[in-house]
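**Q**
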Amino acid sequence: MRRYVARRVAALVATLFFVSALVFVVIRVLPGDPAALIMGTEGSPEATERLRESMGLNRPLPVQYLEWLGGALRGDLGRSIQYDLPVGELILTRLPVTLPLALLAATFMVAVAVPLGLYAATHHRRAGDYLAMVVSQLGISIPQFWSGLLLILLFSVTLGWVRSGGFDGWSAGPWPALRSLLLPAVALGLFQAAVLVRATRSAVLDVLREDYVRTARAKGVSERLVVGKHTFRNALIPIVTVAGLQLGQLMAGAIVLESVFALPGLGRLALGAISARDLPVVQGVTLFVASGIVVINFVVDLAYGFLDPRIRYE
Amino acid sequence: MTRRALLAALGAAVVLVGGVGAGAQAPPRLVVQAPTEPPGLDLTATPASATAAVVFYNVQEGLVKIDRHGKLVPSLAERWHTSDNRNYTFFLRKGVRFHNGRELRAADVKYVFERAMNPETKHPYRRDYDAIGDIIVKDDFTITFALKSLNANFLHNVARQGSVIYPREAVETLKSHPVGTGPFRFEEWVRGDRIVLVRNPDYHVKGVPRLDRVTFRFIADPNAVLAALKAGDVDASLFGLGPEHVQDVRKDARFQVIVGDTTNDVILAMNNSRKPYGDVRVRRAITHGINKQDVLKGAMFGMGKVLGTNVDPLNPFYLDLSKAVPYDPAAARKLLAEAGYPNGFDTVLKVAPQYYYTVRSGEVIAENLKKIGVNVKIEQIEWGQWLARVFRESDFDLTIIGHAEAWDIKNYANPKYYFRYDSAKFQDLFARSEVTLDDTARRALFGEMQKLMVEDAPVVWLYMHPRLAVAKQGAQGFWKDLPVPAADMSEVGWATR
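Dropping the structure here:
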């Protein structure tokens with residue numbers, strides 16, 4: 435087990451190194467640089483050139499990268515060009531938006547998808563199953579920005595229950611903050627739930643076809659126990675795998691929905707930083723998100739062992 | 271306290287609070303939507319219009335001001351004087367205080383301009399101060415600028431957003447916390463969400479500002495802006511909505527729509543240094559081949575004004591030449607044949623979808639030009655790439671963009687500017703206009719420049735991008751036209767309800 439963890443940590447470090455080098459090169463070879471974007475069409479070429487020089491953008495790429503890497507190893511992710519603030523601080527101020535948003539969306543996803551998938555599987559080829567599949571097909575097909583807008587139209591424009599967007603922070607108490615995050619979390623979770631319903635349904639269906647399920651039913655075990663004990667736990671491995679992957683995808687969804695709901699989260703920070711070529715911020719956020727995804731995958735792998743004691747980590 | 275008594279007390283409290291809330295005047299606050307977050311708040315470091323919209327005229331002001339009618343009026347200087355057009359003396363208003371409490375003195379003005387002229391500062395408009403020689407502080411409230419040469423734009427340059435006056439002690443923090451003398455004090459910038467300005471109780475103009483608090487909220491998506499307006503979370507959108515959204519809002523009695531003029535001229539730039547656009551006949555053919563009214567209808571739902579030259583209708587020297595080169599496909603084909611392209615040619619139009627109107631205008635233009643045999647392939651590129659490829663390296667055939675700056679005719683006298691218009695005659699006219707102070711003579715030179723522009727057709731001036739603003743009914747005092755790209759909130763307030 436200890437060796438396994440050590441191997442995973444080494445893989446994490448290698449992944450992060452690779453991701454950081456890739457992002458660095460991609461952003462730097464894209465035409466356009468922060469100085470040009472700050473000066474726009476109105477600053478003179480001389481002024482733009484002076485700004486570029488002062489930002490250190492004229493130095494060779496490897497030098498810039500190594501300097502950044504050195505800082506990152508000491509825990510210093512650099513300063514944002516656009517905001518003139520330390521990148522670490524920026525990420526920390528955006529986390530209280532994106533983390534609860536992702537958690538809410540994930541909770542919504544699991545709470546909706548797992549019962550619905552179980553229901554569909556146990557009512558295979560009956561009306562309830564078809565209905566669940568139609569609903570999930572709809573959920574997959576509707577783009578997130580659109581479902582977000584529809585939710586805004588219904589709940590804030592027509593009914594006036596929640597704000598149409600924006601976020602005032604947690605200082606005013608948890609309720610106003612949660613109210614700001616509720617709609618985007620539902621819009622985000624809806625799409626992911628639609629995918630997870632299908633995964634749950636087919637995983638449960640597979641197990642229901644196993645011999646030991648037939649045996650259990652033959653010896654007169656109640657259907658409740660057959661599904662709840664013999665089937666569901668065995669079906670959990672593929673469900674947890676899909677759910678883990680989807681947690682990673684929540685980040686991509688957050689970029690879209692944070693824009694629709696004007697939330698100051700990590701996704702919008704990354705989006706703005708890419709168009710402003712704010713490299714330190716893009717690097718910092720990418721590293722942060724990549725670490726998050728690697729950690730989620732790690733937790734998913736560990737969960738396999740708890741779900742199925744036959745699995746060993748060597 | 272029994273449970274019943276507690277409930278009764280709670281009920282009474284709710285009624286009381288509700289009653290007070292309903293009876294009181296709504297606090298004079300305004301939430302304004304802004305489409306982009308500023309890349310820093312220092313007007314002496316960035317020319318971004320997103321920065322100007324928040325800071326210029328609201329937090330920081332200059333010695334003189336261009337008002338809502340495009341006129342130069344006193345601001346921090348209560349008057350100014352010149353007898354020879356070489357030495358300008360400004361008399362500062364007394365008792366003006368910076369937001370940090372210190373009184374504004376002539377030495378501050380000297381510091382600000384000397385810093386702008388210093389190459390180390392990286393001021394985006396340093397060239398604007400090239401004519402300034404000595405800056406002499408006569409006393410605490412009198413300052414003289416001695417010019418090295420005559421400069422017809424001097425007062426305009428002093429009124430520009432890069433010439434705002436700030437206290438020397440705040441220079442390090444301007445980027446994140448601007449300090450000035452304006453009607454509003456900067457309160458906070460919640461990165462990614464909003465910037466809040468609050469009333470400056472010591473403002474040097476009596477009776478303004480009318481608002482206690484202005485919040486600029488960053489919402490990029492126009493549909494989200496509409497939703498926020500309709501849900502009542504935002505009171506006004508000054509720059510963020512397109513013509514199709516404005517049409518939608520017009521049907522809603524809760525809102526007013528403000529349509530006005532701007533200095534933003536949208537052009538189809540042709541690369542004059544590249545074949546076939548080096549030939550004036552081709553450029554004139556393209557101009558004849560475009561139905562500008564169609565473009566205006568297709569891109570802006572007919573809002574805005576068709577242009578004939580770079581000089582926009584808000585400019586005092588504006589000549590209406592919008593019909594000088596009319597839509598005439600036959601004439602266009604004839605000119606193309608004369609230039610050696612009887613069957614037309616293929617060309618690429620690069621546009622940045624960040625500015626939606628460039629793509630829409632491009633689609634109409636491509637349709638138009640097909641009729642004269644010019645096949646336009648539209649290539650959409652991201653804004654950062656546009657700045658690098660098109661604007662910096664002139665790597666393009668055709669492109670569309672809006673130039674928002676006022677008095678930007680100088681770009682046509684700069685042969686290195688991205689469309690590479692290089693006319694000795696135009697450059698000479700422009701140089702003379704820079705040193706001609708007599709209004710009649712200067713007007714004549716501007717007239718000649720405009721006629722030469724029509725003649726040479728270095729670009730196609732399509733239309734003036736209209737100001738499209740939406741506000742809740744009852745909010746008043748907004749500028750109708752925008753002679754400068756700014757969002758002056760000093761006179762904005764709510765009608766008494």
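Residue numbers (the working numbering), protein chains in the order written: chain A, 435 to 748; chain B, 271 to 767. Glycine included, each C-beta is placed from N, C-alpha and C at the ideal position.
1) Can you give me the C-alpha to C-alpha distance between A/Ser656 and A/Ala566, rounded to a whole angstrom?
2) In whole angstroms, give me the CA-to-CA distance for A/Arg667 and A/Leu659.
3) If I measure Cβ to Cβ from B/Ala275 and keep anything under 7 Å in the same chain, skipping five residues before and after, which residues do I get?
4) Which chain A residues are close to B/Ile489, counting only those with a beta carbon under 7 Å from its beta carbon?
5) Could you tell me if B/Asn388 is buried or exposed, where buried requires 16 or more neighbouring beta carbons within 10 angstroms of its beta carbon?
6) Along the chain, where does the beta strand (DSSP E) that runs through B/Asp616 open and close?
7) What number of angstroms, rounded off, separates the C-alpha of A/Ser598 from the C-alpha of A/Glu483?
8) In angstroms, rounded to a whole number, what distance separates the CA positions of A/Asp735 and A/Ser709?
9) If you follow the beta strand (DSSP E) that B/His673 is in, where does it begin and where does it stop?
10) Check whether the Cβ atoms of B/Pro305 and B/Thr316 sit closer than 7 Å, and answer yes or no.
11) Is the CB of B/Ala494 under 7 Å away from at least one CB in chain A?
12) Taking the alpha carbon of B/Ile489 as the reference point, which residue from A/Val497, A/Val459 and A/Val690 has its own alpha carbon closest?
13) Is there at least one Cβ from chain A nearer than 7 Å to B/Ser446's Cβ?
14) Note the first and the last residue of the continuous alpha helix (DSSP H) segment covering A/Trp580.
15) In its own chain, which residues sit with a C-beta less than 8 Å from the C-beta of B/Lys408, not counting the 5 before and 5 after it?
16) Are B/Asp522 and B/His558 close, meaning C-beta to C-beta below 7 Å?
17) Just to make sure I have the definition right: I need the residues of chain B whose C-beta is within less than 9 Å of the C-beta of A/Ile472. Which are they?
18) Between the stretch 645-659 of chain B and the stretch 460-478 of chain A, can you find at least three pairs of beta-carbon atoms closer than 8 Å?
19) Going along chain A, which residues have a C-beta under 7 Å from B/Asp463?
20) Reducing DSSP to helix, strand and coil, say where B/Gln330 ends up.
21) Excluding the 5 residues flanking B/Arg369 on each side, which residues of the same chain have their C-beta closer than 7 Å to its C-beta?
22) Counting pairs of Cβ atoms below 8 Å between the stretch 746-765 of chain B and the stretch 708-725 of chain B, do you hit three or more?
23) Tell me the rounded alpha-carbon separation between A/Phe451 and A/Gly739.
24) Does the beta-carbon distance from B/Val527 to B/Val536 come in below 7 Å?
25) Taking CB distances under 7 Å as the criterion, tell me whether B/Gln431 reaches chain A.
26) Just to confirm before moving on: does the CB-CB distance between A/Phe589 and A/Trp595 stay below 7 Å?
27) Could you name the residues of chain B that A/Leu703 contacts, counting a contact when the two beta carbons are closer than 9 Å?
28) Return no unless some Cβ of chain A is closer than 7 Å to the Cβ of B/Asp590.
29) With a threshold of 7 Å on Cβ separation, who are the neighbours of B/Gln697 within its own chain once the five nearest residues in sequence on each side are excluded?
30) Would DSSP call B/Pro344 helix, strand or coil?
31) Determine whether the beta carbon atoms of B/Ala320 and B/Asn534 lie at a separation below 7 Å.
32) List, in order along the chain, the chain B residues whose C-beta lies closer than 8 Å to that of A/Ser488?
33) Output needed in chain order: residues of the stretch 497-517 of chain B with a Cβ under 9 Å from some Cβ in chain A.
34) Step through the CB atoms of chain A and report whether any lies within less than 7 Å of the CB of B/Glu659.
35) Measure from the alpha carbon of B/Met573 to the alpha carbon of each residue in B/Asp531, B/Asn427 and B/Asp482, then state which is nearest.
36) With a cut-off of 8 Å, do at least 3 Cβ pairs link the stretch 325-342 of chain B to the stretch 503-514 of chain B?
**A** With the structure as the only source:
1) As a first step, residue 656 of chain A must be located in the first sequence, where it is residue number 222. As a first step, residue 566 of chain A must be located in the first sequence, where it is residue number 132. So the alpha carbons of these two residues sit roughly 25 Å apart.
2) For this step, residue 667 of chain A is matched to residue 233 along the first sequence. For this step, residue 659 of chain A is matched to residue 225 along the first sequence. Roughly 11 Å between the two C-alpha positions.
3) For the purposes of this step, residue 275 of chain B is taken as the residue at position 5 of the second sequence. Its pLDDT being 49, under 50, B/Ala275 is placed unreliably by the model, and the measurement read from it follows with that caveat. Hits under 7 Å: none found.
4) Taking the first residue of the second sequence as position 1, residue 489 of chain B is located at position 219. The contacting residues are Gly599 and Ala696.
5) Residue numbering aside, residue 388 of chain B sits at position 118 when the second sequence is read from its first letter. Classification for B/Asn388: exposed.
6) Translated into positions along the second sequence, residue 616 of chain B becomes position 346. Where B/Asp616 is concerned, the enclosing beta strand (DSSP E) stretches over Phe615 to Val621.
7) Position 164 of the first sequence, counted from the start, is the residue given in the question as residue 598 of chain A. Position 49 of the first sequence, counted from the start, is the residue given in the question as residue 483 of chain A. Near 42 Å, if we compare the C-alpha coordinates of A/Glu483 and A/Ser598.
8) Stepping through the first sequence from its first residue, residue 735 of chain A is reached at position 301. Stepping through the first sequence from its first residue, residue 709 of chain A is reached at position 275. When rounded, the distance between both Cα atoms is 36 Å.
9) The residue you call residue 673 of chain B lines up with position 403 of the second sequence. Looking at the DSSP string, the run of the beta strand (DSSP E) that includes B/His673 is Leu668 to His673.
10) Taking the second sequence and counting its residues from 1, one reaches residue 305 of chain B at position 35. Taking the second sequence and counting its residues from 1, one reaches residue 316 of chain B at position 46. Their beta carbons are not under 7 Å apart, which means B/Pro305 does not touch B/Thr316 by this criterion.
11) In the second sequence, counting from the first residue as 1, residue 494 of chain B sits at position 224. So yes, B/Ala494 belongs to the interface.
12) The residue you call residue 489 of chain B lines up with position 219 of the second sequence. Here the closest residue by C-alpha is A/Val690.
13) Within the second sequence, numbered from 1, the residue matching residue 446 of chain B stands at position 176. Yes, contact with chain A.
14) Counting from one through the first sequence, the residue named residue 580 of chain A turns up at place 146. Note, A/Trp580: alpha helix (DSSP H), Gln578 to Ile586.
15) Position 138 of the second sequence, counting from 1, holds the residue named residue 408 of chain B. Thr359, Ala376 and Thr414.
16) Numbered from 1 along the second sequence, position 252 holds the residue referred to as residue 522 of chain B. Numbered from 1 along the second sequence, position 288 holds the residue referred to as residue 558 of chain B. Contact flag unset, no.
17) Within the first sequence, numbered from 1, the residue matching residue 472 of chain A stands at position 38. Neighbours of A/Ile472 on chain B, chain order: Pro309, Gly310, Ala315, Thr316, Pro317, Ala318 and Pro394.
18) yes
19) In the second sequence, counting from the first residue as 1, residue 463 of chain B sits at position 193. Correct list: Gly600, Phe601 and Pro698.
20) Stepping through the second sequence from its first residue, residue 330 of chain B is reached at position 60. Three-state result, B/Gln330: strand.
21) Here the question's residue 369 of chain B lines up with position 99 in the second sequence. One detail in the question is off: residue 369 of chain B reads as His in this sequence, not Arg. Hits under 7 Å: Val449, Gly450, Arg455 and Asn470.
22) no
23) What you label residue 451 of chain A is simply residue 17 of the first sequence in a count that begins at 1. What you label residue 739 of chain A is simply residue 305 of the first sequence in a count that begins at 1. Each residue's Cα considered, the two are about 29 Å apart.
24) Residue 527 of chain B sits at position 257 when you count from the first residue of the second sequence. Residue 536 of chain B sits at position 266 when you count from the first residue of the second sequence. In this structure, B/Val536 does not lie closer than 7 Å to B/Val527 by Cβ.
25) Here residue 431 of chain B is taken as the residue at index 161 of the second sequence, counted from 1. So, not an interface residue.
26) Reading the first sequence from its first residue, position 155 is the one you call residue 589 of chain A. Reading the first sequence from its first residue, position 161 is the one you call residue 595 of chain A. Result yes, Cβ atoms of A/Phe589 and A/Trp595 sit closer than 7 Å.
27) Along the first sequence, read from residue 1 onward, the residue named residue 703 of chain A stands at position 269. By Cβ distance, chain B contributes Arg461 and Gly462.
28) Here residue 590 of chain B refers to the residue found at position 320 of the second sequence. Chain A, which has no Cβ nearer than 7 Å to the Cβ of B/Asp590, makes this no.
29) Numbered from 1 along the second sequence, position 427 holds the residue referred to as residue 697 of chain B. Ala683.
30) On the second sequence, position 74 is the one that residue 344 of chain B refers to. Here B/Pro344 sits in strand by DSSP.
31) In the second sequence, the residue the question calls residue 320 of chain B occupies position 50. In the second sequence, the residue the question calls residue 534 of chain B occupies position 264. No. Outside cutoff.
32) On the first sequence, residue 488 of chain A is found 54 positions in, with the first residue counted as 1. Under the 8 Å cutoff, chain B gives Lys392.
33) Ala497, Ala498, Leu499, Lys500, Ala501, Gly502, Asp503 and Val504
34) Position 389 of the second sequence, counting from 1, holds the residue named residue 659 of chain B. With the sequence shown as reference, residue 659 of chain B is identified as Arg, and Glu is not the correct amino acid for it. True, the Cβ-Cβ gap to chain A drops below 7 Å.
35) In the second sequence, counting from the first residue as 1, residue 573 of chain B sits at position 303. Of B/Asp531, B/Asn427 and B/Asp482, the residue nearest in Cα terms is B/Asp531.
36) no
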